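What follows is a short report on a single structure.
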Amino acid sequence: MWLVPAVEALGAAALFAVTITVDRAAYDGRFSLATWVLSGTADGARQILTTIAAAVITVVGLVFSITIVALTLASTQFGPRMLRNFIRDRGTQLTLGTFVATFFYTVLVLVSISPGPHGDFVPHLSITLSLGLTLVDLAVLIYFINHIATMIQLPQVIASIADDLARAIEDQGGTDAEAPEGLDSGPSRMS
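FYI, in our numbering the residues of the sequence shown are 5 to 195.
Dropping the structure here:
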């Protein structure tokens, strides 16, 4: 559960290193940023970034708490495999990683606002990218809600258990016998 979010957080740190370099170059007057890049004061930037960071971490806590409650209730009916499948699920890991990466990036940008020789240093490109990452988070949140709603449906649970069983049989050295013609060899996932 921690590997994908950790990799995404490292990616956010690398992205921050690139954007802060561009912002420093623009601050030093080596070039000017595009017109679509947000501009404003250091106080305004701090407010925007603080709001984004607080909102992202609140959404993560709330969504994952509610999801764990829903999965706990579903696992009482379908068994404890639900929670294990939730933790191993790539969609869940990518969702958590995206939110953590956005939070991490936003906090890094927030701490980079500082006084400088030409007035306050405000990383305008980095702030604009923080807002863009927030929009990505919104799309990922919608995906995640749909994904979890599908994941706890009975056909999905049965198909997941069948996949686990097939892998366990294969790991133990068993072979699948060919199914008679016209019959499926096992349950399939519903779309």
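For each residue, glycine too, the CB sits at the ideal point set by N, CA and C. Keep in mind the model is a prediction, meaning the values are calculated, not measured.
With respect to the beta strand (DSSP E) encompassing residue i, which residues constitute its N-terminal and C-terminal limits?
i: P119; result: S118 to G120
i: F35; result: Premise fails: F35 is in no beta strand (DSSP E) and is neither H nor E.
How many Å lie between residue i and residue j at the Cα?
i: A155; j: G65; result: Going by the sequence as given, residue 155 is Met instead of Ala. Rounded to the nearest angstrom, the two C-alpha atoms are 20 Å apart.
i: L139; j: I173; result: 43 Å
i: A57; j: L19; result: 17 Å
i: L112; j: T106; result: 10 Å
i: V22; j: Y109; result: 12 Å
i: G177; j: A170; result: 11 Å
i: A17; j: L133; result: 13 Å
i: V60; j: D168; result: 34 Å
Looking at the unbroken alpha helix (DSSP H) that takes in residue i, where does it start and where does it end?
i: G136; result: H128 to M155
i: F20; result: L7 to Y31
i: Q176; result: First-last for Q176: undefined, no H or E at that position.
Comparing C-alpha positions only, which one of the options sits nearest to residue i?
i: Y147; options: S36, I24 and T99; result: T99
i: I41; options: H128, A17, E174 and I152; result: The identity of residue 41 in the sequence shown is Val, whereas the question assumes Ile. Here the closest residue by C-alpha is H128.
i: G44; options: V111, I131, I165 and T102; result: I131
i: I149; options: T106, V126, G95 and Q160; result: G95
i: L53; options: V126, F82 and A163; result: V126
i: V73; options: A38, I152, T62 and G33; result: I152
i: P121; options: D32, A13, T71 and W6; result: D32
i: Q51; options: L135, Q157 and V144; result: L135
i: L145; options: G101, A38, P159 and V161; result: G101
i: P159; options: M5, M86 and D141; result: M86
Residue i bridges to which residues according to DSSP?
i: F125; result: S118
- Query: Which residue spans inside the region 38–103 form an unbroken alpha helix (DSSP H) run of at least 4?
  - Reply: Considered as a whole, the region 38–103 harbours 46–82 and 85–92 as its complete alpha helix (DSSP H) runs of no fewer than 4 residues, in chain order.
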